[in-house]
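For the protein sequence lines, the chains are Y and B, in the order given. The numbering of the first sequence is the numbering used here, which starts it at 1 and goes up by one. The numbering of the second sequence is the numbering used here, which starts it at 10001 and goes up by one. The beta-carbon is built from N, C-alpha and C at its ideal position, and this holds for glycine as well. All values derive from a computational prediction rather than experimental measurement. A quick write-up on the structure given underneath.
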Amino acid sequence: MFHIHCPYCEELREEEEFHPKGQAHIARPADPEACSDEAWGDYLFFRDNPRGIHHELWVHAIGCRKFFNITRNTVTYEILETYKMGEQPAITAESLASTEKLAGVQVAGGGQQTVGASDSAVKDSRGAKV
Amino acid sequence: MTRNAQQSNRLAQGGRIDRARTLSFTFNGKRYSGHAGDTLASALLANGVDIVNRSFKYSRPRGIVAAGAEEPNALVQLGSTEAAQVPNVRATQQALFDGLTAQSTNGWPNVQRDVMSLVGKLGGRFMPPGFYYKTFMAPASMWMTYEKYIRKGAGLGRSPMERDPDSYDHLHQHCDLLVVGAGPAGLSAALTAARSGARVILCDEQEEMGGSLLDSRELLDHQPAAQWAERVVAELAALDNVTLLPRTTANGYHDHHFVTLHERRTEHLGETAPLVDGYRPARSRMHRVRAGQVLLATGAHERPLVYGNNDVPGNLLAGAVSTYIRRYGVVPGNKLVLSTSNDHAYRAALDWNDAGREVVAIVDARKSPDGELVEQARALGIRVIAGSAVLEAKGSNRVNGARVATIDAEAFKVTGQAETLECDTIASSGGYSPVIHLASHTGARPTWNDEILGFVPGLVKGVHAAGSARGLHDLAEGLADGITMASRALDSLGRSAKAIELPQVDARREGAACALYHVPHEKPTLRGPKQFVDLQNDVTAAAIEVATREGFESIEHVKRYTAMGFGTDQGKLGNINGMAIAARCLGKSIPEVGTTVFRPNYTPVTFGAIAGRHCRELFDPERYTALHQWHVEHGAEFEDVGQWKRPWYFPKRVNGKLETLDEAVARECLAVRQGVGVLDASTLGKIDIQGPDAREFLGRVYTNKWAKLAPGRVRYGLMCKDDGMLMDDGTTSCLGENHFLMTTTTGGAAGVMEWLELWHQTEWPELQVYFTSVTDHWATITVTGPEARKLLAEITDIDLDKEQFTFMDWREGKVAEVPARVFRISFTGELAYEINVQANYAMHVWQTLFAHGEKYDLTPYGTETMHVLRAEKGLIIAGQDTDGSVTPEDLGMQWAVGYDKPFAWIGKRALSRPDTRRVDRKQLVGLKPRDPKVVLEEGAQIVLDPDHAIPMPMVGHVTSSYYSAILGHGIALAVVKGGHNRMGETVYLPMVDGQVHEAEIVSNVFYDPKGERQHV
């Protein structure tokens, strides 16, 4: 069971209070009528299913009722950050890969043992972005 | 008669039992006695009980092998009464109490004389893996029958058939550091963290904290190790920042340091919780711990060696022998042969010798063992046979000898002439496997460590292992490691560790262990005596050889084919040996073969503890409307709608007989159509929407138009998802220019609320609009029928004139003297008023209605009548007539779709996708059965040609179906491919019983097609 930091309540709360709502940053096309059927179909039905870093939309359903985003490792289930609607993630698969490369840390194929290794990289990427 | 005389294996002194307290217990119908401090296992061994069970597959006699959680054989069924039955309790973990009643889990008619052993023999000398499937395969239809009898013969315990008299609790806990295991490393870690001021939870599965220190030969500060453990536990117990949980198993590690701890509070006292001051305390608790850091000091399990007939009672783990002697004062035999690959196990022989019984020989697989303990044994005159192993145990119901020979472990060969040693006990040790189960629950893969010949846990961030759990089996090292790892955990928490002083441990020189898992035999594995790898699941070395020969190369496949590591055992004793055998057969190393993963739970957890208080009436909350009590008093039958209890119908007593559902519903329907009825509609979802952009927002989430809805007016709306499919419907009333009240379906209320928030927060945060759920604040009373106006007029100050208060208007005023909103909307097709009052006034209003309603024969009706009445009018219920694949157009509700609204409202774009434009989509129609007596089955499939060969092309299905009392025939709503263009066509509904119903496709509006009645 996840322990999730609600960026609005600014507290770690139990997963029971939250609902997952799928992939984050899926913006509705500004002019749906101008979309081709294919583009509209992509918006409606197609989602990523990455092994590793994933940005997800969650809602603090039995709390403040606010929607927010989570950057989560789908292999380790580690939650690397949570951030408010309208904000961009500080950590992405790309940022993580490049900082780990710089730090000389080898990223194995998403294995558990990379969790500890990622830790320093996560800190670095935060420092770099902020 | 003194029972103590029976305890033939009990030593006169020693152990941590209380000889002054004698306890009586029953095993397989026979009475025995033991002492306070015993486990059921130690008491059985004290009484010389050799056979405690029959094996799962071969039905071979089995005895006690281990002294803890890793015990595979001694599974018992506890309980003297039906309600107190507990299956699959390991006798090694069950504290003895007076009056304990236990049965062997397996064995019929009893463990001494077992019928199923015949099956074991019928299966030949060797029952291959998959025996039952291969033998009882044909005909396939008979498997269910075979299985019933096989399971009866082989089953593992049974659950009670009566209600559990005990209660169970869940506790939510938080701590800085959770320490699992109170052995040497766990205690030093907990003490370090506790003295540093951290909030610590220390749990241990045993009756007493101390782990291996409780039966260790080692001295700490020149005193028995147990004394140091007692001092540390006493100090921890006195600290406010420490929670000590003995008899508590950390059964599962879940995400983000969420660990479940199963605390057994009364199972050492009796089979049900004893009464304390007239009430029963909870039998067990599940602590749901969210820890900052987790330290696993779970120790190690000794690995038995795999040799011939290693399952005959009298074969034990070396460490278990020491535990029974030193902790319980029980020597489980008279003449011991020890077969070992390491120095550590020599302690068993030394303890046996100390107890004054004969050590026949120590058989050591190493060519030249030379550690300090080896020298001690030799100095005591014990025969040490080097470079050898026990090949095979002799005896059937109890060991009576051991065949010993020199072996070449690397070449997997017996190299010398075998010698048979007379003995009644064989203790074996093939090394020590760190208990990595909890760490495995995190998903982290363990890694093989060649130095300790075992897997050490893979660890995720914030989880630490200390001592034996990560292969540091030396006592001094383990104690120090507890401090190191606790300091590391504290560091991660931003705390600094305060150093603690460690007790002095006498350094002991130990020789290196050798790798020995499967002992070779003169005969090939398949022809020699059975060599058991997994005792609980009866998996032999031969079975694993066969599995690899049949092409199962992955250890996960070998596991599933042979059942190794299944059951309540989860491979505690057998897994590494099994992997080693698979590795040898496949010509690989153990790390190359890899390990299977362990899943929760570490040991079985009773369902009571998992459920806690979330059972019976507390399983799921029940929601009652403000009028619930009236419904109960008036004999309503209830229907569950989500968590709500809604009146389903109100059966009347007619001529002394209670009406059936059909009778009551027919009466209620006619009352509404011809007089006046009343419905408690309070469960409808209600959302108060306010803000300058409320109107704009409604226009975006509903398919129809809201721009011109004036205050005082109500409109029906359809809500779609962006794929164009209907998700919910309801009316929304304009309360003021910037203020609306939305209603939703009862079941959809929470989902719609979240849906509105989703769009507002993620797509249109610039809109100023606010949503508040007011479902529970307002009660809704629907008064409907031709007489509704007359009745309501008697108790309201609102002008009900049909020109002033028209259909789809709402008015504010007083009803029965209390403030009310009255909405003129209709879900029945009749004249109808929905009265909303503050929920706590509802009963008063309801009763006032009935006081005035008697002369109109005011009839309360329930959800079933509501369904019939709306179906007669062709009104849909979202979720019943729709299923997430139905558009407003499929429903023929184009009138509620604002095609020309300026904003691309949710669902609009999807309506022009090729798929939603198909003309053969399933469309909502009415069905009128040709036979007026027939009520079609909901869900029945519709075909066009009943004579078509099976499979027939199916063109739709029935979504709602009822008998209409006012029309005198059955009616149904259905979705049919291209249905809107099939009016008047005949369709067929073949039923399971061979009948084929015939029905005509008609308009979905069966009654009052012009809709005049609601406008009167």
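Alpha carbon to alpha carbon, what distance is there between residue j and residue i?
i          : j          : result
B/Asn10009 : B/Ala10348 : 16 Å
B/Ala11004 : Y/Pro89    : Position check: residue 11004 of chain B holds Asn in this sequence, whereas Ala was assumed. One C-alpha to the other measures close to 51 Å.
B/Ala10361 : B/Arg10403 : 12 Å
B/Ser10468 : B/Arg10646 : 59 Å
B/Asp10221 : B/Arg10326 : 19 Å
B/Lys10721 : B/Val10752 : 11 Å
B/His10948 : B/Tyr10988 : 11 Å
B/Val10783 : B/Thr10732 : 19 Å
Y/Glu17    : Y/Ile62    : 5 Å
B/Leu10627 : B/Asp10680 : 7 Å
B/Arg10508 : B/Ala10193 : 29 Å
B/Leu10800 : B/Ala10793 : 7 Å
B/Ala9972  : B/His10262 : Here chain B covers residues 10001 to 11016 and nothing more, so residue 9972 of chain B does not appear.
B/Val10539 : B/Val10935 : 58 Å
B/Leu10156 : B/Val10089 : 10 Å
Y/Pro32    : Y/Glu38    : 12 Å
B/Tyr10279 : B/Ala10582 : 54 Å
B/Ile10835 : B/Met10808 : 13 Å
Y/Gly104   : Y/Ser98    : With a pLDDT of only 47 at Y/Gly104, under 50, the local geometry of the prediction cannot be trusted, and the value read off the model is given with reservation. So the two alpha carbons sit approximately 10 Å from each other.
B/Ala10020 : B/Ala10226 : 21 Å
B/Gly10124 : B/Arg10470 : Note that B/Gly10124 scores a pLDDT of 49, beneath 50, so its modelled location is shaky and nothing firm can be said.
B/Tyr10841 : B/Thr10848 : 11 Å
For a contact meaning CB atoms closer than 7 Å, what does residue i contact in chain B?
i       : result
Y/Cys35 : Arg10909
Y/Trp58 : Within chain B, no residue comes near Y/Trp58; the closest Cβ sits about 11 Å away, beyond 7 Å.
Y/Arg51 : In chain order: nothing, as chain B lies at least about 13 Å away.
Y/Arg65 : Glu10757
Y/Arg72 : Correct list: empty, because the minimum Cβ distance to chain B is about 10 Å.
Y/Arg47 : Those do not exist, as Y/Arg47 stays about 14 Å from chain B at its closest Cβ, beyond 7 Å.
Chain B partners of residue i, CB-CB under 9 Å?
i       : result
Y/His3  : Asp10255, His10256, His10257, Phe10258 and Arg10290
Y/Pro7  : Residues of chain B passing the Cβ test: none, with the nearest at roughly 13 Å.
Y/Phe18 : Neighbours of Y/Phe18 on chain B: none; closest Cβ ~12 Å, over 9 Å.
Whose Cβ in chain B lies nearer than 8 Å to the Cβ of residue i?
i       : result
Y/Ala61 : Glu10754
Y/Thr76 : Gly10443 and Val10460
Y/Leu44 : Asp10722, Asp10723 and Ala10910
Y/Arg13 : The premise fails here: Y/Arg13 is roughly 10 Å from chain B at the closest Cβ pair, so nothing lies under 8 Å.
Can you list the residues of chain Y that residue i reaches, using a CB-CB cut of under 9 Å?
i          : result
B/Glu10889 : Going along chain Y, no residue has its Cβ under 9 Å from B/Glu10889, so there is no contact; the nearest lies around 17 Å.
Taking C-beta pairs closer than 8 Å, name the residues in chain Y that residue i reaches, listed in chain order.
i          : result
B/Gln10761 : Lys66, Phe67 and Met85
B/Arg10913 : Asp37, Trp40 and Gly41
B/Ala10904 : Asp31, Pro32 and Glu33
Can you list, in chain order, the residues of the stretch 10240-10265 of chain B whose Cβ is nearer than 8 Å to any Cβ on chain Y? His10254, Asp10255, His10256, His10257 and Phe10258
Decide yes or no for the touch test of the stretch 10294-10301 of chain B against the stretch 10434-10448 of chain B: beta carbon pairs closer than 8 Å, at least 3 of them. yes
What alpha helix (DSSP H) runs, 4 residues minimum, are completely inside the stretch 10855-10933 of chain B? 10863-10872 and 10914-10917
Tell me, please, whether the stretch 10851-10870 of chain B touches the stretch 10660-10673 of chain B by the rule of three or more beta-carbon pairs shorter than 8 Å. yes
Touching by the beta-carbon criterion (3+ pairs, under 8 Å), the stretch 10059-10076 of chain B and the stretch 10565-10575 of chain B: yes
Check whether the stretch 10681-10691 of chain B touches the stretch 10710-10727 of chain B, taking contact to mean three or more Cβ pairs, one atom from each stretch, closer than 8 Å. no
Okay, do the stretch 10771-10791 of chain B and the stretch 10821-10840 of chain B touch, 3+ Cβ pairs below 8 Å being the bar? yes
Any contact of the stretch 10883-10902 of chain B with the stretch 10659-10667 of chain B, i.e. 3+ C-beta pairs under 8 Å? no
Let me know the alpha helix (DSSP H) ranges lying completely inside the stretch 10451-10513 of chain B, each 4 residues or longer, listed in chain order. 10475-10492
Does the structure place the stretch 10589-10604 of chain B close enough to the stretch 10443-10463 of chain B that three or more beta carbon pairs sit under 8 Å? yes
Check whether the stretch 10497-10513 of chain B touches the stretch 10364-10374 of chain B, taking contact to mean three or more Cβ pairs, one atom from each stretch, closer than 8 Å. yes
Tell me whether the stretch 10230-10248 of chain B and the stretch 10195-10214 of chain B touch, counting them as touching only if at least three CB pairs, one residue from each stretch, are closer than 8 Å. yes
Given a limit of 8 Å on CB to CB distance, which residues of the stretch 10265-10286 of chain B reach chain Y? none
Taking only runs that begin and end inside the stretch 10356-10428 of chain B, name each unbroken beta strand (DSSP E) of 3 or more residues, in chain order. 10358-10364, 10388-10394, 10401-10408 and 10419-10422
Quick one: which residues of the stretch 10763-10785 of chain B get their C-beta closer than 8 Å to a C-beta of chain Y? List them in chain order. Glu10763 and Pro10765
Which runs of the beta strand (DSSP E) fall wholly inside the stretch 10797-10859 of chain B and span at least 3 residues, in chain order? 10810-10815, 10818-10823 and 10832-10838
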